[in-house]
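**Student:** Structure provided below as structure tokens; questions to follow.
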Amino acid sequence: MYLTEDMLAYIRESQEELKQLIRDLCAIPAPSHHEEKRAAFCRDWFVNAGFEGVYIDGALNVICPYGDADAADLVVFMAHTDTVFPDLEPMPMREDEHKMYCPGVCDDTANLAAMMICARYFLRRGLRADQGVLFVANACEEGLGNLKGSGEIVRAFGNRIRELISFDGGTLNRIVDRAVGSHRYRVRVRTEGGHSYAAFGNRNAIRYLASMIDTLYAVKVPQKDGCKTTYNVGAISGGTSVNTIAQQAEMLYEYRSDDRECLEKMRRVFESAVETYRAMGIDVEVEQVGDRPCAGNVDAKAHAQLIARAETSIREVIGQEPVRLSGSTDCNIPLSVGIPAICLSAVVGSRMHTREEELELGSLIDGCRLTMDFMAGYFTA
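With our numbering as the guide, the letters of the sequence shown map in order to residues 74 to 454.
Spelled out as structure tokens, the structure:
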């Protein structure tokens, strides 16, 4: 355990400030691709805390270097600024003695705030980093953000990043150490359509889209030990009116897997289904709107050492047994190019990705203790 009495005292003394930081961040709308205001707030916060060289890159990542920013060896700590919600106006927030309630409060606002508060400790105490460190408030993790922020970090610093740790989610003993890849598509079906009475018998785009969905839902996902593969139609739309044979209908479809081979099998099945309907003379347009990679060839020993350090912190600080999971997180990008990466949580919450999202206020001290302990392993007094 790396926690000291001074760290514990700092965490206790910072609790009200942490809660206010969460409130301030929640008040700034930040849907994916529109994180400008929240990014500016985070940049100013880091600068006001005393960090030097803080900047916002072209992907709207806030990059806060610490120690030797030009070091050949970098560790990246990051938490994302965007929310899954499209709102461009402040979302309603309320709180009581035990919880804060706000869309996005846990995913990922509170994790970001906890990382920022803990990062400031090392600067205030003048601790030396054993390697270069980047504290990053990154953009575009959610949905069709397509991990743009994480991708830009890896593109800019990839060959220098030794490890990457993302703070996300709402379960303190969880370690996401495997990447769930996904392919996401917008599929449009077009037919001649017409008047529901006068043109009865003409092909209906909704009918053929429904048939395609039924075909895709009859697919048996690949089975492979230790792996999981899924699919989903998340939205459908189309048609004009009750007395119109629909000329167009569309859906959003995805499949996911934590195994590259299974993901590729699902791609072939999907493309085969599309071609089957095209062979019927149906106009099917496919637009890929999302692509999240699975893990590539990661150094097994280096990755295991990173996971082991996280497990030790969880056991010693939280007193719980760590649970290792697959997930779709900012770690997908570094893992896909061989960089050891894991995702940890700094808070406890529930109902993520709903308008009723909750943050357990009582988790903030333990979450900061866990975050601080894990980070402290990269610093020397």
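For glycine and all other residues, C-beta sits at the position ideal for the given N, C-alpha and C.
With 16 other CB atoms within 10 Å as the buried threshold, where does Met396 fall?
**Tutor:** For clarity, residue 396 is Val in the given sequence; the question names Met instead. Counting Cβ neighbours within 10 Å, Val396 comes out exposed, since fewer than 16 surround it.
**Student:** DSSP state of Pro407, grouped into three classes?
**Tutor:** Residue state, collapsed to three classes: helix.
**Student:** What residues in its chain sit with their C-beta under 6 Å from that of Ile406, if we drop five residues either side in the sequence?
**Tutor:** Once the five neighbours on either side are set aside, the close Cβ partners of Ile406 are Leu220, Ser223, Gly224, Val227.
**Student:** Exposed or buried, Glu108, counting other C-beta atoms within 10 Å across all chains shown (16 or more means buried)?
**Tutor:** Buried is the call here.
**Student:** For Leu94, which residues from the same chain have a beta carbon less than 8 Å from its beta carbon, with the 5 sequence-adjacent residues on both sides left out?
**Tutor:** Same-chain partners within the cutoff: Trp118, Ala186, Met189, Ile190.
**Student:** Using a Cβ-Cβ cutoff of less than 6 Å, which residues in the same chain neighbour Cys416 once the five nearest sequence positions on both sides are dropped?
**Tutor:** Excluding sequence neighbours, Cys416 sits near Ser239, Asp241, Val249, Thr402, Cys404.
**Student:** Indicate whether Leu282 and Val253 have their beta-carbon atoms separated by less than 8 Å.
**Tutor:** Taking 8 Å as the Cβ cut-off, Leu282 and Val253 do not qualify as a contacting pair.
**Student:** For Asp439, count neighbouring Cβ atoms within 10 angstroms of its own Cβ and tell me buried if that reaches 16, exposed if not.
**Tutor:** So Asp439 counts as buried.
**Student:** Are the region 290-297 and the region 433-453 touching by the rule of at least three beta carbon pairs closer than 8 Å?
**Tutor:** With the cut-off at 8 Å, the region 290-297 and the region 433-453 do not touch.
**Student:** Considering just the uninterrupted stretch of the alpha helix (DSSP H) at Arg228, what are its terminal residues?
**Tutor:** Start and end: 221-230.
**Student:** Relative to the C-alpha of Cys179, which candidate in Gly369, Gly199, Asp155, Ala373 has its C-alpha closest?
**Tutor:** Of the listed residues, the one whose Cα sits closest to Cys179 is Asp155.
**Student:** Have a look at Asn184 and Tyr350 and give me their C-alpha separation to the nearest angstrom.
**Tutor:** Taking the straight line joining both Cα atoms gives about 45 Å.
**Student:** Can the beta-carbon of Gln321 be found less than 8 Å from the beta-carbon of Ala272?
**Tutor:** Against a cut-off of 8 Å, the Cβ pair of Ala272 and Gln321 comes out as no contact.
**Student:** Under 8 Å between the Cβ atoms of Lys297 and Asp332?
**Tutor:** In contact: Lys297 and Asp332 (Cβ atoms closer than 8 Å).
**Student:** Do Arg235 and Leu147 have their C-beta atoms closer together than 8 Å?
**Tutor:** Yes, Cβ-Cβ distance for Arg235 and Leu147 is below 8 Å.
**Student:** Relative to the C-alpha of His153, which candidate in Thr182, Ala144, Val315 has its C-alpha closest?
**Tutor:** Checked all of Thr182, Ala144, Val315; the closest Cα to His153 is Thr182.
**Student:** Does the beta-carbon distance from Gln88 to His256 come in below 8 Å?
**Tutor:** Not closer than 8 Å, so no.
**Student:** How would you call Met353, buried or exposed, if buried means at least 16 neighbouring beta carbons within 10 angstroms?
**Tutor:** Exposed is the call here.
**Student:** Closest to Gly274 by C-alpha separation, out of Ile318, Asp203, Thr303, would be which residue?
**Tutor:** Among Ile318, Asp203, Thr303, the Cα nearest to that of Gly274 is on Ile318.
**Student:** May I ask you to list the residues that DSSP assigns as paired with Tyr258?
**Tutor:** Tyr326, Gln361.
**Student:** When you compare only the Cα positions, how much space is there between Ala168 and Tyr174?
**Tutor:** In the sequence on display, residue 168 carries Glu and not Ala. So the two alpha carbons sit approximately 6 Å from each other.
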